[in-house]
Amino acid sequence: MDAAYRSLGRADGIRWTPAGVEVEAPPARLAVRFLAPDVVRVEMTPAPEVPEPLPFARTEAEWERPGVAHEERGASLWLASDAMAVEIQSDPVRLVFRDGEGRLLDRDDPESGMGWRYGSVHSFREARPGDRAYGFGEKTGPLDKRGQRMTMWTTDVLPHLPTTDPLYQAIPFYVIWNAGRAHGLFFENTHRTHFDMDREGTGRYHVWSEGGRLVYYLFAGPTFAQVLERYTRLTGRMPLPPRWSLGFQQSRWGYVPQQRVEELARTFRERRIPCDVIYLDIDYMDGYRVFTWDPKRFPDPSGLCRGLKEQGFRVVTIVDPGVKVDSSYPVFREGLEAGHYVEDPAGKPYMGRVWPGEVHFPDFLQERVRRWWGDWHRTLLDAGVAGIWNDMNEPADFRVHDEDRTLPEGTLHRTDEGEVHPHREVHNLYALLMGRATSEALRRMRPQERPFLLTRSGFAGIQRYAAVWTGDNSSWWEHLAMAIPMLLNLGLSGVAFVGADVGGFRDDAEPELYARWVQLGAFTPFFRAHSAHDTRAQEPWTFGPEVEAIARGAIELRYRILPYLYTLFWEAHRTGAPIMRPLVYHFPDDPVAARVQDAFLLGPDLLVAPVLQPQARERMAYLPEGEWVDFWTGEVSRGPAHRVVEAPLERIPLFVRAGAMLPMGPVTQHTGEAGWQELTLLLYPGEAPSHWKTVLYEDDGATPAHEQGVSSRRAMALAVRERHLALDLADPEGSYAPARREVGVEVPFLPGPPRQVLLDGRQLAEGSGFTYETGRGLRLQVPQEGAHRLEVAW
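Residue numbers are given in the working numbering: position 536 of the sequence shown equals residue 1524, and the series is strictly consecutive.
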């Protein structure tokens, strides 16, 4: 750093607190506090007048009161819990973090430490050999961000390349992995923030924000799951979404007029391609005025939504934040009269420009504005709209022609108490607060339905309100491949409900690219095809019969795995765990798994290895330690090993962890179709002895009744030994009763004909109790109610 940089100097006074210490290092002040035994909060205030960070990223979570020991050892202060110790060196002030066993976790760079330069605040941290850096929200480029430099500033950018930065999301959180152990850091600062993860190879990381205090939280880990559990305890977790939002979703900028949307829905049903959602982009509105319908293009929106719902479709409409300047437009008039808009430095509503032309932007920093904005959604909900899609919410502004394309940093926001905050401080929060306004409105207006909100932009904590898609990608093979590390890092940043536009938004998708993309999309948490108005049609049937059949098969498989997927959503809701996971998440001691970015795990038991190159009919896949069963052929492979996998165009390589079980549902045309609650347990015993446990979660998939405990949780265990397996199904817990009397059980790749099949100790006869066919395996039914034990010998 230059001579203007000033780092923390000598400690000039200390005050012990129940869970930490406050250190005076004039003119700065440092506060270190344990929130939990494995979570420490650090706050460095360069001067008394620097305000606290705006608190919207955090929840009001209750933390267990940690037992913290205080000690002075020579020139250092020590704080210690059972899980972590913090050494505060006093001259100069530097922090060193160790785990409960004394191993180094993280430390300040000895030379530069923490400090400030004019209005910016800085943290220099030691970068250790072997570190890999994950998270950082939505970023292009490789999975491991060690050696990258990134900026957190929500930005509308098109197109984006592997080097493009920043993008739509700004999530200042990362996880460091080293030698099988993980720890995380969250920097709570809403100003433009930069992360230099040792780009120059100097052996140190540099994080700095262009204003505010330096506030960060360190999560000790040592597993990815523990880091994410703590981080999402702080910033919140995703609510359980409606089950229909897990189905396939079709979108395009240009689905007009109303008759075209109705024809689209009929075609999906006639061609027997499952689909749950149809999106309406900006052209459904009257002159791009939010909360309106174009009376010529959509003369009967209520009839449209009602008719589509009768066929099993939900309608999701886009809502942008810009309010058209038009004195005859009620939304504009109300906002102007009530003072709801962001202001320019002169105190007048700031004038921007987006799709409607000249616009004002609501000031979502105020609760009264969020309530007003939320109430306007009634015009859409009363017509039957099922969900909302927030776009352009960085916020984008066409009037500004610099690389930010957003409101000038000097525009003004106000709190409900009248405090003024410049846009440079509020910008990164804008989409988060718009999402909060929308989510709260949907809950308020439809208290018996779960809300669904999709957003392009957001900040730390956005998972509390919305699913996230990765914005305006392109129909390029490079973007197909880049989707995997982008989605994995979002999941490692607390945002579990994520996806990329299948087929690509910009440019024309070729048939093979679309086929491979829909195969990948079937295993991403959010599964939507979307394209721009000036591109070729990208519905499944527009690519010819072969690709239509491939797309149908991939989408049907998505509907079959919904019971497995829904349980993963419940886990994300409960613990903050990602749904789509890098291999290193479950194999932290494997240095090869730590760098795999062209494959992923869907939950703990399904390894997905998509084809990412044109004309490829095989690919190299890395299988971590243990046995893996080819989902399609039943071939058993042992890892850790690379192997070449056949991948004809109609097949995506999939592997099931040997000894596991996949709960599967039926193929339905939408998630609410009769029979959707049918359940089949597919067992994959493998060849080696194994023992596996899980819980199957179920509820009504539609209402918030699960928040009052109306759900079903069923423990399951599968034990495999030589030529024998035993499946134990516990009695379901909870007051929700699925509408079925029996559960199917299949062993699709049983190594040989069964010698004995016992259900609850009673021997079953082939034909009446079970069926077995070479190539189709063993099949039988067990009662839904009660606890049961199935044993099979071969």
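Here a beta-carbon is modelled for each residue, glycine too, at the ideal position from N, C-alpha and C. For clarity, every value in this text was computed on a predicted model and none was experimentally measured.
Three-way DSSP call (helix, strand, coil) for Asp-1271 in this model: helix
In whole angstroms, what separates the C-alpha of Pro-1742 from that of Ala-1213? Between Pro-1742 and Ala-1213, the C-alpha separation is close to 39 Å.
DSSP bridge partner residues for His-1409 (one or two, in chain order): His-1401
Close-in-space but distant-in-sequence residues of the same chain around Gly-1001 (CB under 7 Å, 5 per side omitted): Excluding positions up to five away in sequence, the list reads Glu-1012.
Between the Cα of Pro-1344 and those of Arg-1412, Asp-1274, Gly-1323, spot the shortest distance and give me the residue it belongs to. A check of alpha carbon separations from Pro-1344 across Arg-1412, Asp-1274, Gly-1323 identifies Asp-1274 as the nearest.
When we look at the beta-carbon of Trp-1004 and count the other beta-carbons within 10 Å, is it buried (16 or more) or exposed? exposed
Distance cutoff 8 Å, beta carbons only. Does Ile-1002 sit that close to anything in chain D? Looking at the structure shown, chain D is missing, and only one protein chain is on hand.
Can at least three beta-carbon pairs, one atom from the segment 1447-1460 and one from the segment 1480-1495, be found at a separation below 8 Å? Output reads yes: the segment 1480-1495 touches the segment 1447-1460.
Could you have a look at Leu-1752 and say whether DSSP puts it in helix, strand or coil? coil
Tell me the residue span of the beta strand (DSSP E) that contains Tyr-1162. Element bounds for Tyr-1162: 1161-1166.
Can you name the residues that DSSP bridges to Tyr-1122? Bridge partners of Tyr-1122: Val-1163.
By DSSP, does Phe-1557 sit in helix, in strand, or in coil? helix
Alpha carbon to alpha carbon, what distance is there between Asp-1094 and Arg-1137? 19 Å
According to DSSP, simplified to helix, strand and coil, what is Ser-1699? coil
Should Leu-1092 be labelled buried (16 or more other beta-carbon atoms within 10 Å of its own) or exposed? exposed
Can you look up Met-1185 in the DSSP assignment and give me helix, strand or coil? coil
Taking all protein chains shown into account, decide if Gly-1323 is buried (16 or more other Cβ within 10 angstroms of its Cβ) or exposed. buried
Can you tell me whether DSSP reads Met-1380 as helix, strand or coil? coil
Under 6 Å Cβ to Cβ from Glu-1263, same chain only, skipping five residues before and after it: list those, please. Note on residue identity: the sequence assigns Cys, not Glu, to residue 1263. The residues are Phe-1236, Gln-1238, Phe-1256.
Does Gly-1191 pass the burial test, meaning 16 or more other C-beta atoms within 10 Å, or should it be called exposed? exposed
Excluding five sequence neighbours on each side, which residues of the same chain lie with their C-beta closer than 6 Å to the C-beta of Arg-1729? Taken in chain order, the residues that qualify are Gln-1772.
Residue ranges of each alpha helix (DSSP H) run of no fewer than 4 residues wholly in the segment 1519-1601, ordered along the chain? 1533-1548, 1550-1563, 1571-1574
Could you pull out every residue in the same chain whose Cβ sits closer than 7 Å to the Cβ of Gly-1763, ignoring the five residues on either side in sequence? none
Is Lys-1681 helix, strand or coil when you go by DSSP? Per DSSP, reduced to three states, the secondary structure at Lys-1681 is strand.
Complete beta strand (DSSP E) runs within the segment 1608-1644 (minimum length 3 residues, chain order): 1624-1634
In its own chain, which residues sit with a C-beta less than 7 Å from the C-beta of Tyr-1724, not counting the 5 before and 5 after it? Glu-1686, Asp-1687, Asp-1688, Val-1698, Ser-1699, Ser-1700
Which residues mark the beginning and the end of the beta strand (DSSP E) in which His-1194 is found? 1192-1197 is the span of the beta strand (DSSP E), which, as asked, contains His-1194.
Coil, strand or helix - Arg-1321 by DSSP: Note: Arg-1321 maps to helix in three-state DSSP.
Since Arg-1187 and Gly-1135 should fall inside the 8 Å C-beta cutoff, what is the C-beta to C-beta distance between them, to a whole number of angstroms? 6 Å
Nearest candidate by alpha-carbon position, reference Arg-1341, set Leu-1131, Ala-1703, Gly-1310, Pro-1592: Gly-1310
How would you write the range of the beta strand (DSSP E) that Gly-1175 sits in, first residue to last? Note on identity: in this sequence residue 1175 is Phe, with Gly being the wrong assignment. Segment 1169-1175, the beta strand (DSSP E) holding Phe-1175.
Quick check: the segment 1643-1656 against the segment 1668-1688, are there 3 or more CB pairs under 8 Å? yes
Within this structure, are the beta carbons of Met-1072 and Asp-1026 separated by less than 8 Å? At a Cβ-Cβ threshold of 8 Å, Met-1072 and Asp-1026 count as neighbours.
Go through its chain and collect everything with a Cβ distance to Pro-1015's Cβ below 6 Å, but skip five positions before and after it. Ala-1035
For Trp-1066, three-class secondary structure by DSSP: strand
Which first and last residues belong to the beta strand (DSSP E) in which His-1776 is found? Counting along the chain, the beta strand (DSSP E) containing His-1776 begins and ends at 1776-1781.
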